[in-house]
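What follows is a set of notes on a single structure, which appears directly below.
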Amino acid sequence: MSDETRRSERPAAEVTRPHERPSFHAMPTQQHLPPVFDEPRIRPETQANQPTDHMPPPIAQPLPVPAKPRRRWLGLIAKVGLFATLAGLSLMVLVVLVYVVFPPPRTNILILGIDAREGQGTAVRTDTIILTTVDPAQPYIGMLSIPRDLYVEIPGYAPGRINTANALGELESPPRGPQLTAETVDATFGVPVDYTIRIDFQGFVDVVDAAGGVTVVVEESFTDFAYPTADGGTTVVSFEAGEQVLDGERALQYARVRHDSSDFARSARQQQLLAALIRELMAPRNWSRWPAVYQALQANADSSISAGRLILLAPAALIVGPDRIDQRTLSFEMTTGVPNEAGASYLQPRWEIVGPLIDEMFHR
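Note that our numbering has the sequence shown beginning at 1492, numbered continuously upward.
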C-alpha cells in the first residue's frame, strides 16, 4: 500500500481553534464519588492554632489573680467598725446634750464592800462604806468615806459601830443588810440614800479585771507584813512609789492594806481606786468593756440600781471627769476616839466639823 493510501485511511483529527474551550460533550465524564479524607477534618480556626514545623508553640499567659476574699472581708469589717464607732460617739453626744438640757435629779448611792469569805454568806461586817452623790445639774460628784468604827444609832437596834448594820440586817431578813445600813446613814447624817451597791472582794477583783485594770499613783512606798489571806493566814504585800498599773488582785491588796498606816489612809486609797476605775470606764477606748463590767457587777454584787439609771448618771462622770471628783474622808480631825468598857475604842463625829461638810457635799 502506498503512502498516499495510508494517509487517506487515517481519521481526520478534530481541529480546535486556539483559546476555544472544548465542548461539553467532548469532555470525558467522571463518576461522582464521595470525597475520601485520610485525616479528620479540622476547622480553620482550630487548625490555625495548631503548631507547625516552622512555627513555635504559643507561650501560655498567666491568668489574672482574683482579689483575696479575706482582704474584702477585712475592709468590710473595718467599715462596719468605723460606722459603729461614729454611731456610738453620735449617740453619746446626743445623750450628753439631752442630759444638759434635762438633767436627772441628784442621786445618792451607798457603796458597801464586805469581807465575805467562802461559805460565810453576806451576814458579815462591812469593810468599806462610801456615800456617793451625783448631781447632774451642777454637775458634781462627791464621795465621802465613813470610818467602820464610827459609833452610831442603828434603827431598831442598840447603838454600835456602823459596820455592824449590814450583819444585823442580814441576820434579821436577808438581804436587808444594805437597806439597814442605808437607814443608819440617813439617821446619822440626814442624807437619804436612793440606791445601794454591795460587793464582796471577789466581785471587786472581777470588776477591775473586766475594766482592763486601773492606774494609780502611789505617793510613798509601803509594806504590809501581815496582809490577811483567804485561808486565814497572812502574807507580805509591798507597793513602790510611782505610777502603778494594777489588775484586780493587786487593786484589792492596795485597797485593804492597813498595817502601814491608819484606817483613814486606807479609806483614801479606796476612793483613789474608785476614781481610777471611773477614769478607765470613761475612756472611749474602754467603752466596749461596759457590758463586761456590768455583768461582773450583776454576778457578784447586790444592787438596787438599774442599768438604765447607771446610763443616765454616766454623762455626769464624763462631764465632771475623774480628776474633779470631790473625794472626802471623815478623817482623824473630824472624829473623837472614845474607849469602851472592853478596852477597845470607837469613833464619834465632831459635828461642828462634820455638819458643815455634809451640808456642802449633799445640800441637806
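Just so it is clear, CB atoms sit at the ideal spot from N, CA and C, and this is done for glycine as well. Fair warning: this is a prediction, and the values are worked out from it, not measured in the lab.
Per DSSP, Tyr1745 is one residue of the alpha helix (DSSP H) stretching across 1739-1747. Annotation: the continuous beta strand (DSSP E) that includes Ile1605 extends over 1598-1605. For Thr1827, the enclosing beta strand (DSSP E) covers residues 1826-1830. For the stretch 1640-1708, the continuous alpha helix (DSSP H) assignments of 4+ residues that do not extend past its boundaries occur at 1656-1663, 1668-1680, 1692-1701, in sequence order. Per DSSP, the continuous beta strand (DSSP E) segment holding Ala1717 begins and ends at 1713-1719. Asn1657 is a Cβ neighbour of Pro1669, given a cutoff of 8 Å. Ser1636 sits away from Leu1768, with the two beta carbons spaced by 8 Å or more.
For Leu1635, the three-state secondary structure derived from DSSP is strand. Taking a 10 Å sphere around the C-beta of Leu1588, we find fewer than 16 other C-beta atoms and assign the residue as exposed. For secondary structure counted as the alpha helix (DSSP H) over 4 or more consecutive residues, the stretch 1742-1820 holds these complete runs in sequence order: 1754-1773, 1781-1791, 1798-1811.
The criterion of a C-beta distance shorter than 8 Å is not satisfied by Glu1771 and Val1709. A residue is called buried once 16 or more other Cβ atoms fall within 10 Å of its Cβ, and Ala1721, having fewer, is exposed. In this structure, DSSP gives Gly1723 a state outside helix and strand, which the three-state scheme calls coil.
In its chain, beyond the 5 residues on either side, Tyr1745, Ala1746 have a beta carbon closer than 7 Å to the beta carbon of Arg1760.
By the Cβ criterion, the stretch 1773-1783 is not in contact with the stretch 1725-1745, since fewer than three pairs of Cβ atoms, one from each stretch, lie closer than 8 Å. The C-alpha of Leu1641 is placed about 5 Å away from the C-alpha of Leu1838. With a cutoff of 8 Å on beta-carbon distance, Arg1780 and Gly1828 are scored as not near each other. Counting along the chain, Val1845 sits inside the alpha helix (DSSP H) bounded by residues 1842-1853.
When only Cα atoms are considered, Arg1667 and Gln1818 end up about 28 Å apart. Rounded to the nearest angstrom, the Cβ distance from Leu1743 to Val1696 is 5 Å, consistent with a contact under 8 Å.
The three-state secondary structure of Val1615, taken from DSSP, is coil. A contact between stretches requires three or more CB pairs, one per stretch, nearer than 8 Å, and the stretch 1789-1808 meets this requirement with the stretch 1627-1636. Linking Asp1618 to Arg1741 through their CA atoms gives a straight-line distance of about 17 Å. If you draw a 10 Å sphere on the C-beta of Gln1762, you find 16 or more other C-beta atoms in it, and that means buried.
Phe1730 carries a strand assignment under DSSP once its states are collapsed to helix, strand and coil. Under DSSP, Leu1622 takes part in a beta bridge, and its partners are Leu1601, Leu1635. In this structure, the CA atom of Tyr1686 is about 8 Å from the CA atom of Ser1794.
Counting only residues of its own chain and dropping the five nearest sequence neighbours on each side, Leu1659 has a CB closer than 7 Å to the CB of Ile1645, Tyr1648, Leu1671. In this structure, Ile1816 places its C-beta atom within 8 Å of the C-beta atom of Ala1766. Sorting Glu1661, Ala1792, Leu1577 by C-alpha distance to the C-alpha of Ile1690 places Ala1792 at the top. The C-alpha of Thr1725 is placed about 16 Å away from the C-alpha of Phe1713.
Around Phe1823, the same chain offers Phe1755 as residues with beta carbons nearer than 6 Å, after the five sequence neighbours per side are excluded. Put simply, of Val1699, Ala1732, Gly1604 the residue whose alpha carbon is nearest the alpha carbon of Val1784 is Val1699. Rounded to the nearest angstrom, the gap between the Cα atoms of Ile1849 and Leu1577 is 41 Å. Contact between Tyr1631 and Val1811 holds, with the beta-carbon distance rounding to 7 Å and staying under 8 Å.
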